[in-house]
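Trainee: For the sequence shown, the working numbering gives the first residue as 24, with consecutive numbering after it. From the three backbone atoms N, C-alpha and C, an ideal C-beta is built for every residue, glycine too. No experiment lies behind these values; they were computed from the predicted model shown.
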Amino acid sequence: MRSLFIKLILAFLFISLTGVALSALLARQATTREFGQFVQDQGQNRFVTIVTDYYEVYGTWDGILQFMQTTDTSMQGMLMPFNGRNNPESPYVLTDQNNRVIIPFGRFDLNNVVSASDLSGGIQIKVNNTVVGTVINAAAPALDARQQAYLDRISRALLLGALGSAAVALLLGIFLARTFTRPLRELTGAIQSMAEGELKQAVPVRSKDELGKLTIAFNQMSAQISQANELRRQMTADIAHDLRSPLTVISGYIESLRDGVLKPTPTRLDAIYDEVQHLQRLVDDLHTLSQADAGNLTQNRQTVAPQALLERIAAWYGHLAEAKNISLEVKTDEKLPSFMADPDRMAQVLENLVGNALRYTPDGGKIVLSAGADADNVLLKVEDNGKGIEPEALPHIFERFYRADESRQGNESGLGLAIAKAIVDLNGGRITASSEGVGKGSSFTVSMPAVKGA
Ligand code: ADP
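1. Please check the pair A344 and L351, which I expect to be a contact at CB under 8 angstroms, by giving their CB distance rounded to whole angstroms.
2. Hey, could you find the ends of the alpha helix (DSSP H) V372 is sitting in?
3. Closest to T41 by CA distance: which of R324, P366, I349, S188 is it?
4. Within 10 angstroms of the Cβ of V405, are there 16 or more other Cβ atoms? Answer buried if so, exposed if not.
5. Closer than 8 angstroms: is that where the CB of G460 sits relative to any heavy atom of ligand 1?
6. Please classify Y78: does DSSP put it in a helix, a strand, or coil?
7. Does the Cβ-Cβ distance between H301 and P269 come in under 9 angstroms?
8. Going by beta-carbon coordinates alone, are I349 and I390 separated by less than 9 angstroms?
9. Does the Cβ-Cβ distance between D407 and Y425 come in under 9 angstroms?
10. Going by DSSP in three states, F105 sits in which element: helix, strand or coil?
11. Under 8 angstroms, with one C-beta from each stretch per pair, do the region 172-179 and the region 197-205 reach the 3-pair mark?
12. Tell me which residues share the same chain as A185 and place their Cβ nearer than 6 angstroms to its Cβ, disregarding the 5 neighbours each side in the sequence.
13. Ligand 1 and R382: does the residue's C-beta get closer than 8 angstroms to at least one heavy atom of that ligand?
14. On a Cα-Cα basis, can you pick out the residue from F35, I262, T238, L305 that is closest to I197?
15. Assuming I87 contacts I148 (C-beta within less than 8 angstroms), just tell me the rounded distance between them.
16. Using a Cβ-Cβ cutoff of less than 8 angstroms, which residues in the same chain neighbour V299 once the five nearest sequence positions on both sides are dropped?
17. What separation, rounded to the nearest whole angstrom, lies between the Cα atoms of A190 and E233?
18. Answer with buried or exposed for R201, where buried requires no fewer than 16 other C-beta atoms within 10 angstroms of its C-beta.
19. In terms of residues, what are the limits of the beta strand (DSSP E) holding I146?
20. By DSSP, does I30 sit in helix, in strand, or in coil?
21. Would S376 be called buried (16 or more neighbouring beta carbons within 10 Å of its own) or exposed?
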């Protein structure tokens with residue numbers, strides 16, 4: 024049985040049939056028992072009435088047996104309404120005052136004295152307040168044809184009820200099974216489409232139950248896979264594009280030098296060297312990113328003091344800032360907690376941020392490196408009053424190969440912030456950017472969990 028659909032229908036059918044069968048069985052048993060009891064009581068009462076009447080009329084039991092065995096059918100019918108054709112004898116035994124059997128049945132033979140225990144279950148016949156005999160039920164009466172027919176009718180009604188409810192259960196089962204399995208069929212279809220290469224799938228969410236949650240999770244997964252695939256495709260294209268321009272420049276120069284068209288002047292060699300360096304940087308960046316992706320970025324985690332880190336960066340970039348006539352300040356709160364990270368990798372992150380700030384801040388601008396803390400984190404900030412970032416670009420700047428200004432020709436790979444984010448993430452921190460808009464400067468914040476008590 025491979026289909027969940029069939030399994031569900033069968034389960035519904037089985038449960039409802041078991042319920043119906045059980046209640047039918049109990050109902051039938053109860054009816055038979057009650058009905059048998061009723062018939063028995065009725066027969067017994069009638070027997071008692073007749074023999075009592077007999078004694079009252081004749082004042083003796085003499086001739087009672089002949090009376091009861093009379094061939095008068097009307098009389099017999101009246102006396103023994105409980106007798107069916109199959110059971111011509113009355114199942115009731117009558118004893119006289121001396122406990123002797125005067126109407127026999129079964130093990131109670133004529134004239135035998137009945138034991139006290141047998142008598143105790145019987146009904147005493149009283150005439151003028153004197154016990155003149157006892158009626159004992161010697162066997163359960165059989166049902167006559169009419170009574171049997173009544174029971175058969177009840178059984179048929181129960182059977183019809185069972186069939187009816189089985190049909191309803193089947194229809195309900197089909198409906199419910201279809202409803203339950205629909206999302207699964209849709210999910211299966213979507214997964215097959217994904218396997219065939221259509222990665223972006225949106226399966227309609229039809230309920231809030233487990234299947235609804237499964238569908239939502241599947242849709243999210245499909246969106247992420249398709250986005251990752253799109254990024255990978257875009258990245259391959261970007262890498263090809265970024266490799267092509269320096270290679271074109273280098274091969275152009277070398278061709279001209281080889282053919283003697285150009286002379287190898289120091290300027291030309293410098294230009295070639297710049298392009299090679301650009302290639303080198305790109306390859307290094309890609310290598311760092313791939314290592315971060317694989318979780319292989321070597322880490323030498325230790326406690327890092329924020330102030331020392333910022334001062335080290337400011338010292339490295341001091342000359343460059345001076346050359347661009349940009350002021351580079353370091354501002355730190357007193358008594359800052361330390362944080363755990365690889366100090367060289369964190370320096371790489373800050374170099375990247377300060378490098379960008381220098382690149383995107385015009386002459387005469389200002390860059391501030393600051394360190395502070397909130398309840399749980401050390402906050403390292405790099406702020407500039409340069410070019411700023413457009414609101415539309417802000418959510419994308421940490422993506423690989425993203426450059427806000429696509430037309431820009433330069434040595435930037437568009438990987439710097441992606442690498443910074445990968446490193447910060449690996450060290451358990453968070454990096455965010457904000458900008459009031461174009462021309463209003465930018466601010467980058469690296470937030471690292473503080474070492475408690477440090
Ligand atoms: P790139 O190598 O192009 O600088 P990054 O990943 O370092 O790549 O930065 C991505 C983009 O974010 C940049 O192209 C630039 O548009 C924007 N950006 C980054 N830092 C700054 C900044 N300090 N001021 C203005 N824009 C910035």
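Mentor: Let me spell this out:
1. Correct: roughly 4 angstroms between the Cβ atoms.
2. 366-382 is the extent of the alpha helix (DSSP H) around V372.
3. For the residues R324, P366, I349, S188, the minimum Cα distance to T41 belongs to S188.
4. With 16 or more Cβ atoms within 10 Å of its Cβ, V405 is classed as buried.
5. Because no heavy atom of ligand 1 lies under 8 angstroms away, the Cβ of G460 does not count as near it: no.
6. Note: Y78 maps to helix in three-state DSSP.
7. Contact check for H301 against P269 passes: the beta carbons are separated by less than 9 angstroms.
8. Contact: yes.
9. No, these two residues do not count as a Cβ contact at 9 angstroms.
10. Unreliable placement is indicated for F105, whose pLDDT of 37 sits below 50; no coordinate value is reported for it.
11. No, the region 172-179 does not touch the region 197-205.
12. Excluding the 5 residues flanking it on each side, A185 has same chain C-beta neighbours closer than 6 angstroms at V43, A47, in chain order.
13. Of the heavy atoms belonging to ligand 1, at least one sits nearer than 8 angstroms to the Cβ of R382.
14. A check of alpha carbon separations from I197 across F35, I262, T238, L305 identifies F35 as the nearest.
15. No, I87 and I148 are not in contact; Cβ-Cβ is about 11 angstroms, not under 8 angstroms.
16. Around V299: P269, I273.
17. In this structure, the CA atom of A190 is about 29 angstroms from the CA atom of E233.
18. The residue is exposed, with fewer than 16 neighbouring Cβ atoms inside 10 Å.
19. For I146, the uninterrupted beta strand (DSSP E) segment begins and ends at 146-150.
20. Here residue 30 is Lys; the residue named in the question, Ile, does not match the sequence. K30 falls in the helix class under three-state DSSP.
21. Note that residue 376 corresponds to Leu in the displayed sequence, not to Ser. With 16 or more Cβ atoms within 10 Å of its Cβ, L376 is classed as buried.
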